[in-house]
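Here is the structure we will look at, set down as structure tokens.
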Amino acid sequence: MSAASTRCDQTAAWTALRVQLEKTGNEFDLRKAFKNRPERFDDFSQAAPHLFADLSKNLIDAPTEILLLELARQCGLERHRDAMFAGEHINSTENRAVMHFLLRNPPPAQKGRAQEATEKIADELSRVHETLAAMLAYAEQVRADDAITDIVNIGIGGSDLGPQMAVLALEEFRLPGKRLHFVSNVDGHELAGVLAQLKPENTLFLIASKTFTTTETMTNALSAKHWFGAQGGKDIARHFAALTTNVAAAGEFGISTTFGFWDWVGGRYSLWSVIGLPLAIAIGAQGFREFLAGAHAMDEHFRSTPLERNLPVRLGLLDVWYRNFHGFTSRCIAPYSSALRRLPAYLQQLEMESNGKRVGVDGQALPYATAPVLWGEPGTNGQHAYFQMLHQGTDVVPVEFVAVKKAGHSLPGHHGKLLANVLAQAQALMEGKSDAGGHKHFPGNRPSTFLLLEELTPASLGALIALQEHRVFVSGAIWGINSFDQWGVELGKVLARDIEARLATGDDTGLDGSTSGLLRKIISG
Ligand code: F6P
Numbered sequence: 317m318s319a320a321s322t323r324c325d326q327t328a329a330w331t332a333l334r335v336q337l338e339k340t341g342n343e344f345d346l347r348k349a350f351k352n353r354p355e356r357f358d359d360f361s362q363a364a365p366h367l368f369a370d371l372s373k374n375l376i377d378a379p380t381e382i383l384l385l386e387l388a389r390q391c392g393l394e395r396h397r398d399a400m401f402a403g404e405h406i407n408s409t410e411n412r413a414v415m416h417f418l419l420r421n422p423p424p425a426q427k428g429r430a431q432e433a434t435e436k437i438a439d440e441l442s443r444v445h446e447t448l449a450a451m452l453a454y455a456e457q458v459r460a461d462d463a464i465t466d467i468v469n470i471g472i473g474g475s476d477l478g479p480q481m482a483v484l485a486l487e488e489f490r491l492p493g494k495r496l497h498f499v500s501n502v503d504g505h506e507l508a509g510v511l512a513q514l515k516p517e518n519t520l521f522l523i524a525s526k527t528f529t530t531t532e533t534m535t536n537a538l539s540a541k542h543w544f545g546a547q548g549g550k551d552i553a554r555h556f557a558a559l560t561t562n563v564a565a566a567g568e569f570g571i572s573t574t575f576g577f578w579d580w581v582g583g584r585y586s587l588w589s590v591i592g593l594p595l596a597i598a599i600g601a602q603g604f605r606e607f608l609a610g611a612h613a614m615d616e617h618f619r620s621t622p623l624e625r626n627l628p629v630r631l632g633l634l635d636v637w638y639r640n641f642h643g644f645t646s647r648c649i650a651p652y653s654s655a656l657r658r659l660p661a662y663l664q665q666l667e668m669e670s671n672g673k674r675v676g677v678d679g680q681a682l683p684y685a686t687a688p689v690l691w692g693e694p695g696t697n698g699q700h701a702y703f704q705m706l707h708q709g710t711d712v713v714p715v716e717f718v719a720v721k722k723a724g725h726s727l728p729g730h731h732g733k734l735l736a737n738v739l740a741q742a743q744a745l746m747e748g749k750s751d752a753g754g755h756k757h758f759p760g761n762r763p764s765t766f767l768l769l770e771e772l773t774p775a776s777l778g779a780l781i782a783l784q785e786h787r788v789f790v791s792g793a794i795w796g797i798n799s800f801d802q803w804g805v806e807l808g809k810v811l812a813r814d815i816e817a818r819l820a821t822g823d824d825t826g827l828d829g830s831t832s833g834l835l836r837k838i839i840s841g
């Protein structure tokens, strides 16, 4: 969002939306809305690349959606989107372009779109494809190498959540004989537990870190290197590879097999870069290219579909409607697919690290709310844990269901039950059930979105993730924040370095009473 854009709460559309909510919104009833307009499902559902989305069970009517689209226009959403695709430095606090979409762009020769690209983008695109080809060739080499049975990704945040989520999601496409492990936490139990299963001659460590400075990753990488040497491992070049923008630091660390990427790829948007190497090893070069193509199809949808039928735009605007007008503080992600079990964790970083900001692009405090809390577990497990609160609690939590039409297994009786449950939960949230007794009363009228994939494939997963990236972009653009920096993670890192030294010396000078008390408790014999 350029500093010149009108702040969302100062637009005419924002005021009109307030009026609209007072007029109808507070009494808006989904059950009545469906009765009054049988076409409601068609009005508020749509196909998008590789998936189908039903938005009809949301607290929204046609006039509200028109106003939300108007809000998007008045906030300059299209201009901001085009600025990203043009490679402008929209990450203003770090003075960087935001071009993760380029990582899934076909090579220029394959496609007319190159004409649109500036020369700078065309150059970057050539580099992207050179690196992709090298990374995929390496992935194929590892796949063909029977001696390598275990691949350990050491990384955290975007260097862990994306590849881990995707490898689990596409388990069905994984090459048998290759086990993938993910170590992120500095808690040594995690690395120790993985190392106990490994032999150095059969192991490939991938050290994944955009900066190659992150404490957790460097600590784990160093311990892995020591373990490798202590176990008699010698050939670091064969058993360690680094995935990083900081190839020099990887070299200093002693790793010569490196795959690079660029500062215009944010950590939480880096799954499409060499950070995706674990996925490429798991599903192969062809599968990885399909994954990129699925995401690219969603990029094109976002870039060129009119706002009214543009799914990331519709979802992002709904997010704004719920957060700023209804005051809902969280969104529950409910993937009815155990393969997608890490999707909520992945989306937490995507949404909350991107849009968990309290100031606008100009650094001034904002008078309205931004990112909701995201949380969730796969269905049907969540039903037996916190769905009680979704149905009968005092807070309304919009739920985003993700379901897959075709199962990837052949066990009879399972998939029908799974799909019946996801449909039933969305239905129950909306319909509710009257009971005079109170305890068994379900108020209903609780909103949900339903995303339906035909099958969970590399392409549909790519499209689903790109959809989520762009919807986060949309709400961030409306809120006028920089969705691509993450200054909020810095303070804790600095303090941890100071406290680590104090743990060794016992010095608590200048600390607050609680931290000092806890420090003394921890170091007391
Ligand atoms: O601390 C937050 C963060 O910078 C994330 O944005 C990032 O994904 C993660 O740390 C890991 O960073 P890196 O890939 O540089 O190790």
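Position one of the sequence shown corresponds to residue 317 (my numbering), numbered consecutively onward.
Yeah, the Cβ is synthetic: ideal placement off N, Cα and C, and Gly gets one too.
Source: prediction; values computed, not measured.
Just to confirm, is the Cβ distance from residue i to residue j under 9 angstroms?
i, j, result
"residue 518", "residue 764", "no"
"residue 844", "residue 325", "As displayed, the chain neither begins before 317 nor continues past 841, which places residue 844 out of reach and without an answer."
"residue 651", "residue 498", "no"
"residue 586", "residue 475", "yes"
"residue 356", "residue 746", "no"
"residue 443", "residue 494", "no"
"residue 514", "residue 468", "yes"
"residue 454", "residue 566", "no"
"residue 813", "residue 827", "no"
"residue 690", "residue 667", "yes"
"residue 332", "residue 383", "yes"
"residue 416", "residue 637", "no"
"residue 399", "residue 655", "no"
"residue 618", "residue 396", "no"
"residue 516", "residue 547", "yes"
"residue 784", "residue 608", "no"
"residue 387", "residue 330", "yes"
"residue 718", "residue 742", "no"
"residue 610", "residue 775", "yes"
"residue 538", "residue 471", "no"
"residue 555", "residue 521", "yes"
Once DSSP output is grouped into helix, strand and coil, what is the label at residue i?
i, result
"residue 535", "helix"
"residue 470", "strand"
"residue 366", "coil"
"residue 548", "coil"
"residue 795", "helix"
"residue 787", "helix"
"residue 523", "strand"
"residue 652", "strand"
"residue 497", "strand"
"residue 722", "coil"
"residue 703", "helix"
"residue 324", "helix"
"residue 331", "helix"
"residue 620", "helix"
"residue 716", "strand"
"residue 412", "strand"
"residue 737", "helix"
"residue 576", "strand"
"residue 431", "With a pLDDT of only 47 at residue 431, under 50, the local geometry of the prediction cannot be trusted, and the value read off the model is given with reservation. Residue 431 falls in the helix class under three-state DSSP."
"residue 465", "coil"
"residue 688", "coil"
"residue 800", "coil"
Buried or exposed for residue i, please, with buried defined as at least 16 other CB atoms from any protein chain shown within 10 angstroms of its CB.
i, result
"residue 339", "exposed"
"residue 327", "buried"
"residue 532", "buried"
"residue 542", "exposed"
"residue 446", "exposed"
"residue 805", "exposed"
"residue 501", "exposed"
"residue 755", "exposed"
"residue 509", "exposed"
"residue 457", "exposed"
"residue 336", "buried"
"residue 492", "exposed"
Using 9 angstroms as the limit for Cβ to Cβ distance, is residue i near chain C?
i, result
"residue 556", "No chain C is present in this structure, which holds just one protein chain."
>> Any contact between the stretch 618-637 and the stretch 773-792? By contact I mean 3 or more CB pairs, one from each, below 8 angstroms.
In response: yes
> For the stretch 794-810 against the stretch 390-410, are there 3 or more C-beta pairs whose distance is under 8 angstroms?
Replying inline: yes
> Are the stretch 770-781 and the stretch 715-727 in contact at 8 angstroms, needing three or more beta carbon pairs?
Replying inline: yes
> So does the stretch 665-683 actually touch the stretch 698-709, counting three or more Cβ pairs closer than 8 angstroms?
Replying inline: no
> Should the stretch 779-788 be regarded as contacting the stretch 614-627, the criterion being three or more beta carbon pairs within less than 8 angstroms?
Replying inline: yes
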